[in-house]
Amino acid sequence: MNNAAKTLVRVDNLKKYFPIYQGVILQQHVGDIKAVDDVSFVIYQGETLGLVGETGSGKTTVGRTMLRLYEPTAGKIFFEDTDLTEMQGGDLRKIRARMQMIFQDPYASLNPRMTVGSILSAPLEVHGYWKGREKRERVDNLLEMVGLNPDFVNRYPHEFSGGQRQRICIARALALNPDLVVCDEPISSLDVSIQAQVVNLLEELQHKLGLTYLFIAHDLSMVRHISDRMAVMYLGKIVELADRNEIYLRSLHPYTQALMSAVPMPDPDAARSRKRIILEGDIPSPANPPKGCNFNTRCPFAKEICFEQDPDYREIKPGHWVACHFAEDFL
Amino acid sequence: MARYILRRLISVIPTLIGVTFVIFMFQRLIPGDPAVAMLGEHAAPENIARIREQLGLNRPLFLDRDSLVQGDLGGFFDSQYVRYLSRLVKLDLGNSIHRRIPVAETLGLRFPATVELALLSMLIAIFVGIPVGIISAARRNSLIDGVSMMGSLVGVSMPIFWLGLMEIMLFAVILGWLPTGGRLSTGVQIQSITGLYLVDSLLTWNIPGFVDALKHIIMPAIALATIPMAIIARMTRSSMLDVMQEDYIRTATAKGLAERVVLFRHALKNAFLPVITIIGIQAGTLMAGAVLTETIFSWPGIGKWVYDAILGRDYPIVQGGTLLIAIIFVFFNLLVDISYAFLDPRIHYD
Amino acid sequence: MAEITPQDLFVTDFAVREHRSLWVDAWRRLISSNTARLGLFIVTVFVASATLAHFFWTYDAKTDLDYALKLKPPNLRPTEEISTIHPFGTDKLGRDIFRRTVHGGWNSLRVGLVAVTISLVIGVLLGLLAGFYESMEITQGERVLLQGLVGLSLGGIIAWIGAQWVIALLFGLLGVLSIVFGKFLAGKPVRIALFALGGLLIGGGIGLLGAPMVGLVCGLLGAVLGAILASPLTGTFFSNVVMRAMDIILAFPSYLLAIAIVAFLGPGLEKGMIAIGVVGIPIYARLARSAVLSVAQKEYILAAYSVGEGHDRIIFRHIFPNILSPIIIQATMGLAGAILSAAALGFLGLGAIPPTPEWGAMLGDSYKYLSSGAWWAVLFPGLAIMFSVLGFNLLGDGLRDALDPKLRV
Amino acid sequence: MTPLMDLKNLRVRFHTDEGMVKAVNGVSYAMEPGEILGVVGESGCGKSVHALSIMRLIQTPPGKIESGQVIFNDRDLLKLSESEMRHVRGREIAMIFQDPMTSLNPVYTVGFQIVEALKLHKGLDEKAARERAAELLTLVGIPGARQRLDDYPHQFSGGMRQRAMIAMALSCEPQLLIADEPTTALDVTIQAQIVDLVIRLQQELGMAVMWITHDLGVVAEMAYKINVMYAGYIIERGQVRDIYKKTRHPYTIGLLGSLPRIDEPPGTKLVSIPGLPPDLLALPTGCPFYARCTYRVERCLEENPSLEEADGVEHTVACWRWEHIAGRVSS
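Taken in sequence, the protein lines are chains A, B, C and D.
All letters in the first sequence, in the order written, are residues 24 to 354 by the numbering used here.
All letters in the second sequence, in the order written, are residues 28 to 377 by the numbering used here.
All letters in the third sequence, in the order written, are residues 119 to 527 by the numbering used here.
All letters in the fourth sequence, in the order written, are residues 152 to 482 by the numbering used here.
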């Protein structure tokens with residue numbers, strides 16, 4: 024993906040802190056969980072940007088804050104040229120039609136008391152573009168598009184399997200013809216054989232409808248498979264962002280390198296012969312991140328400066344962004 | 028943990044203020060003039076005026092705006108509610124209308140009788156209810172389980188005053204084994220130390236006194252214990268069943284521990300938390316149930332007294348009794364929350 | 119051997135579970151359980167007999183009196199002495215207990231039903247809103263409303279002291295202003311000081327019109343209120359106010375509070391209904407709130423937001439249908455509890471006014487005759503209470519199993 | 152060499168309201184001492200149930216071991232009395248579970264839970280048991296082990312808890328460790344730590360390990376042999392290289408095809424398995440994979456193939472057409 028492509032979303036210095044309150048009588052604000060801490064990136068029209076990170080890295084929060092499902096603490100989010108952080112009420116609801124989301128848990132993201140038909144027609148009703156017969160046809164259409172039998176409109180979500188439910192979620196996200204779809208771990212609760220079905224469907228739909236994806240997941244190989252470019256998050260910050268091949272072959276951040284080497288490989292020869300970097304210890308709590316570089320508690324290369332100074336997130340070569348003091352040394 | 032306990036303690040204060048407020052507002056529920064309601068329609072006007080003055084009924088309820096306009100800041104705050112609160116702090120609950128004696132004094136005198144009854148009932152409820160619940164859970168869907176759960180459902184559905192009457196009919200009227208009511212037979216004396224006759228008679232080694240007290244207390248105690256016993260048994264069972272689904276129970280079994288150890292060491296402690304909550308609530312409810320039970324068995328406790336007061340429209344007694352029981356109820360709930368801190372290690376960090 | 123392509127397999131082989139709505143599913147589970155069927159049977163018998171008796175078996179309690187038949191034991195066959203049949207015997211006024219028990223059912227069940235309806239409607243509404251606004255960010259419009267109302271109502275106290283109702287309006291306006299200019303000096307102490315000053319001027323200035331002391335008090339209170347209004351209130355505030363009020367009702371054992379309320383209100387069936395109903399509110403409010411809190415965590419609520427659905431749709435289409443199960447269960451059990459409470463009130467002479475037949479009152483009337491051997495006057499109304507309560511409890515237990523979310527996929 | 156464990160025709164059923172769930176349908180295989188066996192399959196394939204049946208931890212009712220033998224150290228575990236079985240559990244066969252967050256009792260300290268097992272099986276006194284527990288925690292790589300004995304499980308991170316679980320399982324030096332998806336709930340970097348730890352411990356202590364997982368990637372680098380399970384059957388079994396390199400069952404082929412690889416070249420398409428796993432309430436009489444199989448013929452609908460020798464060492468496949476498939480895959 025070259026930089027000449029049209030920018031669809033630009034996120035500038037986005038922060039989302041969840042305050043922690045404590046106190047015996049009056050609740051006092053004693054600190055923050057820095058779920059997203061100063062994150063900047065762009066998403067180009069028609070591409071898939073992958074966002075990987077482990078538990079607590081803030082990847083889900085990035086997706087939700089980007090759609091203003093959470094109020095951002097600071098920073099700007101531009102969708103085309105409009106600043107989402109300035110929008111309110113009706114305007115926001117209108118623009119939400121153009122940015123949709125697919126959620127992680129297909130069992131929790133469909134209302135068990137609503138039929139598939141009413142789940143899919145809800146967005147159509149709210150925005151009022153389709154009415155009566157057109158609406159019903161649109162619903163049938165959507166179901167066919169995601170590979171479900173349109174006769175299922177009057178069924179309830181509990182009558183479907185996880186993979187089928189996730190298809191319904193995809194259909195709902197596509198109901199309003201969005202430009203951007205944030206896929207928040209859409210496959211992590213599905214079985215392996217079903218995962219591939221859903222990923223193939225997503226790819227096919229992107230092709231057909233010209234969608235732009237932000238694909239959030241913890242499964243590195245799957246993110247690499249589906250993305251054009253990918254970003255790696257650690258403790259609320261993006262540590263590295265680059266093209267999918269660049270980041271695999273020439274990653275410049277020790278965390279990315281460790282992550283890549285830790286990914287299981289379904290090939291006994293390759294798995295046994297490769298060099299693995301086993302990281303020590305656990306991910307620190309985002310309520311109490313270490314001083315200096317976030318990764319210094321586990322980094323095999325940490326030097327003095329890493330414990331004092333937060334590294335800049337910089338474009339080290341065209342399209343390859345990294346936040347490490349010694350990134351130049353890995354070049 | 029200290030922080031948690033402190034926080035719970037402090038959170039009780041607004042509740043207690045609310046409780047006094049509600050009880051204070053009871054007076055407003057009386058249709059017409061409370062003073063007339065107390066003295067009757069035909070009371071002399073000067074008596075009514077005296078009562079009104081005595082009870083401060085001619086003061087405003089909360090704040091006196093007129094005093095403020097005159098520049099009297101003290102008078103502004105001198106209201107019925109403030110007076111009521113300041114009397115409460117001095118443990119003055121007012122006087123009984125009919126008997127003209129302080130309510131607090133009589134409450135104090137009658138309190139031990141109620142406590143003794145409630146305590147014994149609670150012990151019965153706990154020592155029967157919990158084992159029944161455990162056995163039912165351990166032998167789920169067995170005959171024992173079916174019978175005890177059906178039994179406890181009947182127990183929950185039991186009008187306790189009716190159960191009391193049935194007991195009297197069977198054991199007192201038909202069989203004649205037990206006395207119909209009261210706390211002691213005439214002529215039996217027990218030296219009062221704690222006010223609890225069962226304890227006092229044992230402390231003074233007064234065996235005939237103990238037996239007599241026991242004979243009197245056993246029927247009301249069982250009647251009162253029925254509902255909490257049934258509720259505790261049901262709660263213990265469902266909580267045990269929940270816990271037994273947990274992964275750590277499977278871990279314990281996979282370690283090779285005997286079923287008994289898994290049940291009593293690993294399941295019970297976890298299952299106990301909701302049971303404790305129920306016990307706390309039931310302990311408070313027992314005091315309220317005492318109004319009915321004490322009435323039927325002529326038990327000279329607070330409940331019977333409040334009942335008589337309701338019939339006699341002796342409002343200060345009803346207010347005082349209600350306040351005391353509500354405070355005990357709040358106290359038990361507090362106790363439950365604090366006991367959590369000792370039972371659940373996770374709470375230290377909340 | 120022709121091989122099949124994945125496309126051929128795609129749509130045809132979808133194993134979908136049998137089509138059934140969740141309610142139909144629950145109903146099937148309900149009637150497949152023995153306890154629930156027994157409960158349903160008992161409840162039906164009581165409801166049907168009471169209703170039929172009320173409409174088709176005339177009974178005038180005021181004229182029902184026959185001293186000749188005072189306290190006669192049950193007889194199933196006319197004898198020389200008693201020419202009428204009394205399957206449950208007669209009471210102290212010679213009234214047929216069977217007839218009174220059947221008619222008493224109408225009153226007892228009615229008290230339970232009305233009381234539960236009162237607690238259910240108010241409690242669920244409060245709990246639903248409290249839970250919703252606790253877990254959701256409120257919209258700008260709701261924020262203006264909330265802040266304006268808080269300004270208005272707290273300002274009302276100051277207005278009452280100052281005897282100038284315009285003060286309340288001004289405080290309402292101050293609250294709204296705080297929202298409209300939410301970003302103005304946000305988070306800075308200066309903002310609080312400015313609003314406090316505004317409150318001081320509104321309260322003190324207008325209060326001074328009355329008397330100096332009034333101006334002083336109103337000004338001080340106004341300053342405090344102004345400072346409070348400086349920070350925009352959140353939904354949590356609303357929820358806290360509601361739930362603290364509920365806590366206070368819950369601080370009383372429910373029996374006792376109902377008894378005390380009726381003790382002060384004076385006896386009567388209607389008063390009993392209200393008292394039992396009011397006392398039950400917090401149970402439903404708490405239940406609804408905690409159910410809403412757990413439902414609000416679900417991703418389908420977030421999904422509804424992200425397709426642009428508004429608060430009204432989210433509350434009534436997404437949240438409400440999903441919290442119904444625990445409320446239905448509780449309402450059934452609550453009916454059992456309310457019937458018991460009503461009987462207790464009646465027994466204490468605080469419920470139905472004689473001679474209206476009501477189970478608790480019938481017991482209260484007759485228990486003094488127990489020592490003279492009239493067991494039937496006590497046994498039958500008591501059994502009626504117990505069985506009707508048991509019926510609702512059984513049904514509630516069955517409903518819990520049928521609607522239990524843990525069993526649902 | 153006599154096998155450590157010999158499973159013969161194990162069948163497990165669950166009697167539910169909806170009907171009888173055929174969870175495990177005649178599973179037979181043998182495990183050598185000191186071997187690492189990978190058991191792979193998607194959810195509902197019976198892999199966990201068969202492991203729990205070996206330990207006799209199936210909840211009865213609704214579960215029931217219908218038939219079969221579990222010969223372990225020359226005796227049939229399924230015929231032992233409950234008290235004899237208790238001596239097997241924890242001492243001869245130990246087990247660790249999927250979710251370390253819920254597998255430790257929250258109201259007892261980690262130390263207590265390890266000491267409990269040591270006292271039970273080793274007859275150690277309190278002091279010696281504590282000493283040994285601290286050693287075990289050190290062995291599994293928990294820093295400051297002695298102090299951490301008195302911590303409650305909620306004070307441990309997920310990875311630490313799984314380490315503690317492993318320490319507990321190892322406390323009595325079992326001959327077989329059954330690990331039931333031990334890393335599924337953990338992050339990739341933590342998963343790498345745990346895998347590394349188990350491989351190291353297996354080499355040091357020489358026990359056999361059964362690693363149950365849905366991820367063909369995880370077991371590729373450590374297992375000697377792999378059982379692939381589907382709908383309660385083992386459908387392919389063999390040495391690890393044969394399974395990955397000479398894959399013969401269409402399900403295994405599909406499973407491998409639907410797994411993206413971190414080292415895949417751009418433009419790779421995932422091969423998904425269409426459809427859904429069969430309903431265990433109503434298993435077809437023929438091959439359970441029939442409905443999803445692209446190689447199916449009429450015979451597959453009528454007869455269920457049993458495991459037969461395929462090419463490769465100890466490689467068995469349950470498919471009528473494996474030879475035909477072998478020809479196609481290699482070409």
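For each residue, glycine too, the CB sits at the ideal point set by N, CA and C.
Keep in mind it's a predicted model, so treat the numbers as computed, not measured.
Given residue i as reference, the closest of the options once Cα atoms are compared
i, options, result
"LEU270(C)", "GLY340(C), SER506(C), VAL496(C)", "GLY340(C)"
"THR84(A)", "SER284(A), TYR257(A), ASN317(A)", "TYR257(A)"
"THR340(D)", "ASP104(A), VAL75(A), VAL62(A), GLN68(A)", "VAL75(A)"
"ALA298(B)", "THR312(B), GLN272(B), THR322(B), HIS243(B)", "GLN272(B)"
"THR364(D)", "MET358(D), LEU352(D), GLN342(D)", "GLN342(D)"
"VAL176(A)", "GLU148(A), PRO129(A), GLY140(A)", "GLY140(A)"
"VAL221(A)", "ARG190(A), LYS260(A), GLU208(A)", "ARG190(A)"
"VAL62(A)", "THR96(A), GLN218(A), ALA240(A)", "THR96(A)"
Buried versus exposed, by CB contacts within 10 Å (16 or more), residue i
i, result
"MET480(C)", "buried"
"ARG160(B)", "Residue identity differs from the one stated: residue 160(B) is Gly in this sequence, not Arg. So GLY160(B) ends up on the buried side."
"ILE329(D)", "buried"
"ASN317(A)", "buried"
"ALA76(B)", "exposed"
"SER212(B)", "exposed"
"PHE173(C)", "exposed"
"ASP184(C)", "exposed"
"ARG447(D)", "buried"
"PHE53(B)", "buried"
"ALA71(B)", "exposed"
"ALA485(D)", "Outside the shown range of chain D (152 to 482) lies residue 485(D), about which nothing can therefore be said."
Residue-level contact to chain A via CB, residue i, 8 Å cutoff
i, result
"GLN342(D)", "yes"
"SER254(D)", "no"
"ARG526(C)", "Only weak support is given to the placement of ARG526(C): the predicted model assigns it a pLDDT of 39, under 50, and the question is left unresolved by the model."
"TYR395(D)", "yes"
"GLY405(D)", "yes"
"LYS416(C)", "yes"
Closer than 8 Å to chain D by CB, residue i
i, result
"ALA285(B)", "yes"
"TYR271(A)", "yes"
Proximity test, Cβ basis, 8 Å: residue i and chain B
i, result
"HIS226(D)", "Looking at the sequence shown, residue 226(D) is not His but Arg. No, ARG226(D) lies away from the interface with chain B (no Cβ there is under 8 Å from its Cβ)."
"SER489(C)", "yes"
Short CB-CB distance (under 8 Å) between residue i and chain C
i, result
"GLN111(A)", "yes"
"TYR179(A)", "yes"
"ALA279(B)", "no"
"ASN134(A)", "yes"
Nonlocal neighbours in the same chain, by C-beta distance under 6 Å from residue i, ignoring five residues either side
i, result
"PHE223(D)", "MET156"
"PHE89(B)", "SER106, TYR108"
- Query: For the 8 Å Cβ check, are there 3 or more pairs between the stretch 290 to 309 of chain A and the stretch 317 to 331 of chain A?
  - Reply: yes
Count Cβ pairs between the stretch 260 to 277 of chain C and the stretch 441 to 449 of chain C that sit closer than 8 Å; are there 3 or more? no
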